[in-house]
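Let me begin by presenting the structure, written as structure tokens, before commenting on it.
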Ligand code: ZN
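In my numbering, the protein residues as written are 523 to 675.
This is the structure:
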């Protein structure tokens, strides 16, 4: 990562962790609680699906490190209003971005691409993926719990 990108990365992550977007709760929504005990991050995600299964709205609350909260904030911005198929595609692309050594075709991820640097740090990958694991669970349209300690990669 060059210095310019490093600086942008820090600005965006800090901005989203200090002023998270779509922060709050939604009534009549699917609720998933995500836990990352190795870092102490928690995310409470609320997702509403529309009549055709699209992600009509989502909000989160949480506590934890800047990476976990910024990833959740950026995720809600990216997924809101997306058809289900597209949301699933974004989930897969983001997972690949932060875990794969291969170059990922990440166009369409927007500022989320700035989280790419976590791939070098397995503990940070858990932080970055926490909200996304919760979203993955929410796609079943049932309330639930996820923990980074119970899953592989
Ligand atoms: Zn963390």
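All C-beta atoms, glycine included, are put in the ideal place defined by N, C-alpha and C.
Range covered by the alpha helix (DSSP H) that runs through residue 608
606-621
Residue range of the alpha helix (DSSP H) that includes residue 658:
644-660
Going by C-alpha to C-alpha distance, which of 662, 547, 536 and 617 sits closest to residue 568?
When 662, 547, 536 and 617 are compared, the shortest CA-CA separation from residue 568 is found for 547.
Apart from the five residues on each side of it in sequence, which residues of its chain come closer than 7 Å, Cβ to Cβ, to residue 647?
620, 621, 640 and 641
Looking only at C-alpha atoms, which of 643, 661 and 541 sits nearest to residue 561?
Residue 643 is the option with its Cα nearest to residue 561.
Please work out which residues of its chain come closer than 6 Å, Cβ to Cβ, to residue 553, disregarding the five sequence neighbours upstream and downstream, and give them in chain order.
568 and 665
Taking just the CA atoms, how far does residue 611 sit from residue 628?
Inter-residue distance for residue 628 and residue 611 is about 11 Å (C-alpha atoms, whole angstroms).
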